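Student: Residues in the sequence shown are numbered consecutively from 14, following the numbering used here. A virtual CB, placed ideally from N, CA and C, is assigned to each residue, including glycine. If you're wondering where the values come from, they're calculated on a predicted model, not measured in any experiment. Below are the structure tokens for one structure; questions will follow.
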Amino acid sequence: MDTGTESLTCAEIDLGALRTNLRSLRALAGKAEVVGIVKSNAYGHGVDLVVPVLREEGVSLFAVGTVAEGMQLRRLGVTERILVFAAPLPEQLPAYAAQGLEVTVSSVAVAEAVVALGASLRVHVKVDTGMGRIGLQPDEVAESMRLLRATPGIEVAGLWTHFATADDPDTDFAHTQLARFEAVLAEVGEPLPPLHLANTGAVLQFPETVQRRAFVRAGGYLYGMPSSDLVAERTEVQPVMRLVTRVVHLKTVAVGDTVSYGRTWTAEAPTRIATLAVGYGDGYPRQLSNRGEASIGGRRYPIAGRVCMDMTMLDLGLPEGPGASVSVADEAVLFGKGGPSMTEVAAAMGEMAYVLPTGLTARVPRVPVDG
Ligand SMILES: *Cc1c(COP(=O)(O)O)cnc(C)c1O
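Set out below in structure tokens:
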């Protein structure tokens, strides 16, 4: 931010916090290994920043959302194992083999396509125990497992499932999913492949999903983002991202004056208004219009009017009030240390925390800080 050409809005990435979260997650995981989940640009935090830290810390299995993300990791020099969570199309399987990416066997058809390819592949058989997204039905697993295990070159490196409600205070359905998974294991029989099922919510609520399992797949925990209020209460994870911008303009408006597109905010008293250099073009959501808050100098101010593509206005209050101390070029914290939490900002628009960092656009530089 010194030379005058850098973006005024940036996402600071606290690599020390990332390390702390990884260590605290490892303490909870016991003998299970922590998967380095870096899908969607490391939950928006920047794979190029996050991956080297996780490699340094000895993470041996990474996970991404798509084949393209897996290839990006290979280009970044990742030599460790990489699991792709997506359901593959048969035409993508040769790329998995070429890049050494591990396949999610998401259906009987995918199991058959893997066998037909005749290449050397590591696969993880996914069971749909109730998430209703991808995966074999529980009664299809044992036979596909036999088929895969009988095929030379194929290593079944995982048998896994995913929870729909692990971070919910009502644990009934998670227990149903768990019971369905246990029933599948009984049917498959020994020797079982490595098992993994715990996401962030499950790590915190269901220790039985971690014990005697090969891996935990807790992404939000790593980045210090609670997936729900329940998780927020249960954990002391440190937020890794802090989104900051600068004040670029100040003025006082008169009673009856309006601010921003659509004139959805009207001054009821003389009001000092700060214009910030952030907008939905950065991924700062437009749904925060007249709802969100940001902090300047440790004090919170509400958003006045609609969030624009490149700018957002704050209501600093009466011209002679505490907002009078705000100056042009001051830093404004949109979320993270010194401002509202990611969870609070997301809640203001009826969302969960994950949508904020993953929604940041390429215009926002991710800047490493080591706290
Ligand atoms: C994203 C994802 C996870 C991690 O979920 P968190 O809530 O971030 O812990 C685990 N497993 C799968 C299959 C996922 O897609």
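Using alpha carbons as the reference points, say which of Asp152, Ala187, Ile316 and Pro283 lies closest to Ala10.
Tutor: Because the chain in this structure spans residues 14 to 384, residue 10 falls outside the shown range and cannot be described.
Student: Apart from the five residues on each side of it in sequence, which residues of its chain come closer than 7 Å, Cβ to Cβ, to Ala124?
Tutor: Val118, Ser157, Leu160 and Leu161.
Student: Around ligand 1, what residues have a beta-carbon under 5 Å from a heavy atom of it, in chain order?
Tutor: Phe98, His175, Asn212, Thr213, Arg230, Ala231, Gly232, Gly233 and Ser240
Student: Going by C-alpha to C-alpha distance, which of Gln150, Ala55 and Thr142 sits closest to Tyr236?
Tutor: Ala55
Student: Would you mind listing the beta strand (DSSP E) stretches within the stretch 326-362 that are 3+ residues and don't spill past its ends, in chain order?
Tutor: 344-348
Student: Are Val38 and Ala342 close, meaning C-beta to C-beta below 8 Å?
Tutor: Residue identity check: residue 38 is Leu in the sequence provided, not Val. Going by C-beta atoms, Leu38 is not nearer than 8 Å to Ala342.
Student: Got a sec? Which residues, its chain only, sit under 8 Å from Leu198 by beta carbon, not counting five neighbours each side?
Tutor: Leu172, Leu205 and Leu208
Student: Helix, strand or coil for Leu21, going by three-state DSSP, please let me know.
Tutor: coil
Student: Less than 8 Å between the C-beta atoms of Gln224 and Ala179, yes or no?
Tutor: no
Student: Do Gly131 and Asp141 have their C-beta atoms closer together than 8 Å?
Tutor: In this structure, Asp141 does not lie closer than 8 Å to Gly131 by Cβ.
Student: Go to His262, then tell me how far its beta strand (DSSP E) extends in each direction, as first and last residue.
Tutor: Met254 to Val266
Student: Run through the DSSP bridge pairs and tell me what Lys139 is partnered with.
Tutor: Trp173
Student: Would you check if the stretch 83-92 and the stretch 102-113 touch, i.e. whether three or more CB-CB distances between them fall below 8 Å?
Tutor: Counting Cβ pairs under 8 Å, three or more are found: they touch.
Student: Using a Cβ-Cβ cut-off of 7 Å (strictly less than) and excluding sequence neighbours within five positions of Ala170, which residues of its own chain qualify?
Tutor: Here the set comprises Glu115, Arg135, Val136, His137, Pro206 and Pro207.
Student: Between the stretch 340-357 and the stretch 243-260, can you find at least three pairs of beta-carbon atoms closer than 8 Å?
Tutor: yes
Student: Would you call the stretch 293-308 in contact with the stretch 330-341, where contact means no fewer than 3 C-beta pairs closer than 8 Å?
Tutor: no
Student: Just verifying my parser: in three-state terms, what is the DSSP assignment at Thr184?
Tutor: coil
Student: When DSSP labels each residue in this structure, what does Thr288 get in the three-state scheme?
Tutor: strand
Student: Just verifying my parser: in three-state terms, what is the DSSP assignment at Tyr56?
Tutor: helix
Student: I need the straight-line Cα distance from Gly311 to Asp323, nearest angstrom please.
Tutor: 23 Å
Student: Beta-carbon separation of Val244 and Val229 under 8 Å?
Tutor: The answer is no: Cβ separation not under 8 Å.
Student: Closest by CA to Ala287, which one among Gln150, Ala337, Glu246 and Tyr293?
Tutor: Nearest C-alpha to Ala287: Ala337.
Student: Taking Ala129 as the reference, give the member of Val64, Gly43, Thr164 and Gln150 with the closest Cα.
Tutor: Thr164
Student: Considering only residues of the same chain and omitting the five flanking positions on each side of Tyr293, which have a CB-CB separation below 7 Å?
Tutor: Arg299, Val320 and Met322
Student: Tell me the DSSP secondary structure of Tyr367 in three-state form.
Tutor: DSSP places Tyr367 outside both helix and strand once states are collapsed to three, so it counts as coil.
Student: Do Ala307 and Leu289 count as a contact pair if the criterion is CB distance below 8 Å?
Tutor: yes
Student: What do you reckon, is the C-beta of Leu38 under 7 Å from a heavy atom of ligand 2?
Tutor: No copy of ligand 2 occurs in the structure displayed; its ligands are ligand 1 alone.
Student: So the beta strand (DSSP E) Arg33 belongs to, where does it begin and stop?
Tutor: It is worth fixing the name first, because residue 33 is Thr in this sequence and not Arg. Run containing Thr33: none in the beta strand (DSSP E); it sits in the alpha helix (DSSP H), Leu28 to Ala42.
Student: Where does Arg299 fall in DSSP's three states?
Tutor: helix
Student: Closest by CA to Thr284, which one among Leu191, Asp295 and Glu333?
Tutor: Glu333
Student: Among Glu69, Tyr234 and His175, which residue has its Cα nearest to the Cα of Asn34?
Tutor: Tyr234
Student: Taking DSSP's pairing of strands, which residues face Val116 in a bridge?
Tutor: Note: Val116 sits in a beta bridge opposite Val136.
Student: Give the C-beta separation of Pro370 and Gly57 to the nearest angstrom, bearing in mind that I take them to be a contact with Cβ-Cβ under 8 Å.
Tutor: 3 Å
Student: Going by the beta-carbon positions, is the gap between Ala227 and Ala45 smaller than 8 Å?
Tutor: yes
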